[in-house]
Amino acid sequence: MRLTLPVLLLAALMAMLMLRGYVHSEILADHRIRPEAGSDRVPEKILDGGPVIDTRNGRTTSLRVPDHHVVLTFDDGPDPTWTPKVLDVLKKHHAHAVFFVTGTMTSRYPRLVRRMVAEGHEVGVHTFSHPDLSYQSKKRVDWELSQTQLAVTGAAGIRTSLFRPPYSSSADAMDDLSWPVTEYIGSRGYITVVNDRDSEDWRKPGVDRIVRNATPVAGKGAIVLMHDSGGDRHQTVQALDRLLPLLQRQGYTFDNLTEALNAPSAHTPVAGPGLWAGRAWVLLVQVADGVTGVLVVGLAVIGASVLARFALMLWLSVVHTRRVRGRRFRRGRPVTEPVSVLVPAYNEAKCIENTVRSLTASEHPIEVVVIDDGSTDGTARIVENLDLPGVRVVRQENAGKPAALNRGLANARHDIVVMMDGDTVFEPTTVGELVQPFADPAVGAVAGNAKVGNRDSLIGAWQHIEYVMGFNLDRRMYDVLRCMPTIPGAVGAFRRTALEQVGGMSDDTLAEDTDITMALHREGWRVVYAERARAWTEAPESVSQLWSQRYRWSYGTMQAIWKHRGAMLDRGPSGRFGRVGLPLVSLFMVVAPLLAPLIDAFLLYGIVFGPTQRTIGAWLGVLAVQAGCAAYAFHLDRERMTHLVSLPLQQILYRQLMYVVLLQSWITALTGGRLRWQKLRRTGVVGAAPGTTGERRAA
32 MRLTLPVLLL AALMAMLMLR GYVHSEILAD HRIRPEAGSD RVPEKILDGG PVIDTRNGRT
92 TSLRVPDHHV VLTFDDGPDP TWTPKVLDVL KKHHAHAVFF VTGTMTSRYP RLVRRMVAEG
152 HEVGVHTFSH PDLSYQSKKR VDWELSQTQL AVTGAAGIRT SLFRPPYSSS ADAMDDLSWP
212 VTEYIGSRGY ITVVNDRDSE DWRKPGVDRI VRNATPVAGK GAIVLMHDSG GDRHQTVQAL
272 DRLLPLLQRQ GYTFDNLTEA LNAPSAHTPV AGPGLWAGRA WVLLVQVADG VTGVLVVGLA
332 VIGASVLARF ALMLWLSVVH TRRVRGRRFR RGRPVTEPVS VLVPAYNEAK CIENTVRSLT
392 ASEHPIEVVV IDDGSTDGTA RIVENLDLPG VRVVRQENAG KPAALNRGLA NARHDIVVMM
452 DGDTVFEPTT VGELVQPFAD PAVGAVAGNA KVGNRDSLIG AWQHIEYVMG FNLDRRMYDV
512 LRCMPTIPGA VGAFRRTALE QVGGMSDDTL AEDTDITMAL HREGWRVVYA ERARAWTEAP
572 ESVSQLWSQR YRWSYGTMQA IWKHRGAMLD RGPSGRFGRV GLPLVSLFMV VAPLLAPLID
632 AFLLYGIVFG PTQRTIGAWL GVLAVQAGCA AYAFHLDRER MTHLVSLPLQ QILYRQLMYV
692 VLLQSWITAL TGGRLRWQKL RRTGVVGAAP GTTGERRAA
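My numbering applies: residue 32 is where the sequence shown begins, and numbers increase by one.
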């Protein structure tokens, strides 16, 4: 389920977008308009006849509206703004009309079509997506007709026999290209209705001009063309309110078409499967419009959140940098007392020697406690055979990382405890830089600067960008806000009294580093960031290993947020963390990444169906903002900018993997699943910190 549901959700999302684009004429729309052609093949009786053309069953006849009868027709609707106003004016003056509706608008606003029929008006087909039918194949014409009828059936429970082709005018304008279409439309059972009088309201010429254009000559009957959609129609509504009483005083009657012709109704009730198919179609369109409407709002929210996060990270990173790198910055007296370094290890045979040797090169006095958590590959024996001064091995049966750290804490001799992973190497200055913030007695823990050591592969380079830009810029921001959410397991330091106060490391979550950090905040301890305390860790080198790691991180973070949710109601430092830190972590690390795929979904949709240029421009704009943030982060960490060459590809490929991982974590949490701690396979590729003697010797 955790694998299938994300795929189904993605498929449903794309289906909703496609349906929405189809109904909004963004997909399969054809906006070509053919120029006028000759009329040699059009029968003279059609060119000289009336606006009602009947070519059913091989007939070629035309009809006119009787004198003193006016059939008002409205094209392109229904429109949620103007159609109700038109209907209100018609009802006010007790007049009927014919509405030639499009399938797209009917599908979106079925209640208006239902109201038209209920108030005695007739409805006609104006195609589904309003193409020039002279360009279309018979198959496309049939599709335009059937889809519109499906929408009309779903909206009002009827079928109609009236049809008006898009871009039509009067009968004498019929030409050799439109006449074959009219004949074919008749063979499908439709009566084609054009017009006698064109109000030209679409030009917005003014109310007086619309009234003059729509007024019949010398008491003759007429079919009048007007519009209730397609733009601002306030002139149409005002002209209609003036035209109706004016002509009624002259003895005119405003009927629908079949009333004026004294013919059977153009509407046929639909029942059974046809009715349910129409209702199902309308319901699907309503759902698609509603879902995509919510998605658009979500896209706006996530876009604003992403940009706000970038702006906040940049601003607070600048504040943090000026603060800690300023000439007047002092943490207090230098911390010179020895510290204990805890190295939990489970099957780290390929890495442990590099890790321990990097520690023995430390410029700060330390003791090293390697806690072998039931390794089966001889990890403990490797450390013991090194016979390095100040290095001890503590063995225990396999009980997990939190238990190993607690065992190490019990065996540590000093008041400041540094914790690191068994696949990480320190620089000689790392421990010294990491413990200096403890000069402030309010500081309970310090987060170091974890960096990717194996960055030569493409996956490694992407993680390198993520570590430098995402994690370390975030830590600068959270340091200024005093709500650091996570001390990285690769490099962090703790005051022993703070750890004992919160009960040591907990195995309640899969993110013990996030859990312990939040617990320290809730007890009132400060957690700070030491940017110069660099540690080089081995990042996963395969997609499956990366998936396992991030799956555990994401799920563990959710567990920690849920565990410490009570901080939002606390007072003092705990309440401050709960009302500042938890919402930020939830938004930026859980909610925003979950909604971020909307950006890519709409990007793909916009590229394929338009507006392509604006879509690509918006995506490049967001990428430029990200590149600016990444460049600033690399500048702060003194990293080479060449790694940023892979940033666009990271956004296209790597980010998608992170989306799916987070979505799977959400599903695991919501379905009550449990995720076990997963051990990553190490290669020992990180031999020593870059620039150290050990690295040059390994090379």
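For every residue, glycine included, the Cβ atom is placed at its ideal position computed from N, Cα and C.
Contact between His395 and Val370 is confirmed by a C-beta separation of about 7 Å, below the 8 Å threshold. Gly252 and Ala291 do touch by the CB rule: their CB atoms are close to 7 Å apart, below 8 Å.
The closest CA to that of Gly151, considering only Ala42, Ser296, Asp107, Val224, is found on Ser296. When beta bridges are read from the DSSP output, Asn480 appears opposite Arg565.
By the C-beta criterion, the stretch 192-199 is judged to be in contact with the stretch 216-225, since at least 3 inter-stretch pairs fall below 8 Å. The beta carbons of Ala524 and Ile447 sit closer together than 8 Å.
Under the three-state reduction of DSSP, Thr133 is assigned to coil, being neither helix nor strand. Around the CB of Ile683, fewer than 16 other CB atoms lie within 10 Å, so the residue is classed as exposed. Contact between the stretch 88-96 and the stretch 104-115 is not established, with fewer than three Cβ pairs separated by less than 8 Å. In this structure, Met599 lies near Gly609, with their beta-carbon atoms less than 8 Å apart. Contact between Thr323 and Leu48 is confirmed by a C-beta separation of about 6 Å, below the 8 Å threshold. The beta carbon of Val425 is closer than 8 Å to those of Val400, Val401, Ile402, Asp403, Arg438, Gly439, Asn442 in its chain, skipping five residues each way along the sequence.
In the DSSP assignment, Val242 falls within the unbroken alpha helix (DSSP H) covering 238-245. The three-state reading of DSSP puts Arg507 in helix, counting H, G and I together. Taking a contact as a CB-CB distance under 8 Å, the pair Cys382 and Gly453 counts as one, their CB atoms being some 6 Å apart. In the three-state DSSP reduction, Asp668 falls in the coil class, being neither helix nor strand.
A residue is called buried once 16 or more other Cβ atoms fall within 10 Å of its Cβ, and Ser575, having fewer, is exposed.
For Gly520, same chain residues with a beta-carbon under 6 Å away, outside a window of 5 residues either side, are Asp452, Asp544 in chain order. Judged by beta-carbon spacing, Trp556 lies beyond the 8 Å limit of Ser677, meaning their Cβ atoms are not closer than that value. Counting the other Cβ atoms within 10 Å of the Cβ of Asn503 gives 16 or more, which makes it buried. With 16 or more other Cβ atoms from the protein chains shown falling within 10 Å of its own Cβ, Ala542 counts as buried. The closest CA to that of Asp61, considering only Ala128, His125, Asp163, Thr114, is found on Asp163. In the three-state reduction of the DSSP assignment, Thr588 falls in the helix class, which pools H, G and I.
For Gly321, the uninterrupted alpha helix (DSSP H) run begins and ends at 304-356, by DSSP.
Collapsing the DSSP output to three states places His99 in coil. Within the stretch 193-269, complete alpha helix (DSSP H) segments of at least 4 residues are found at 209-218, 238-245, given in chain order. A distance below 8 Å separates the beta carbons of Asp259 and Thr114. A distance below 7 Å between beta-carbons, with the five flanking residues on each side excluded, links Pro300 to the following residues of its chain, in chain order: Gly188, Ile189. The DSSP-derived three-state label of Leu512 is helix. Distance from the CA of Ile490 to the CA of Ser573, rounded to the nearest whole angstrom, comes to 7 Å. Under the three-state reduction of DSSP output, Arg362 falls in the coil class, being neither helix nor strand.
When C-alpha distances from Val148 are compared across Arg353, Gly501, His127, the shortest belongs to His127. In the structure shown, Tyr498 adopts helical secondary structure according to DSSP, grouped into three states. For Pro115, there is no enclosing beta strand (DSSP E); the residue is found in the alpha helix (DSSP H) stretching over 113-123. Closest by C-alpha distance to Ala435, out of Phe469, Val154, Asn385, Leu373, is Leu373.
The beta carbon of Ala376 sits closer than 7 Å to the beta carbons of Ile383, Val401, Ile402, Asp403, Asp404, Ser406, Thr410, Gly453 from its chain, once the five residues preceding and following it are set aside; these are given in chain order.
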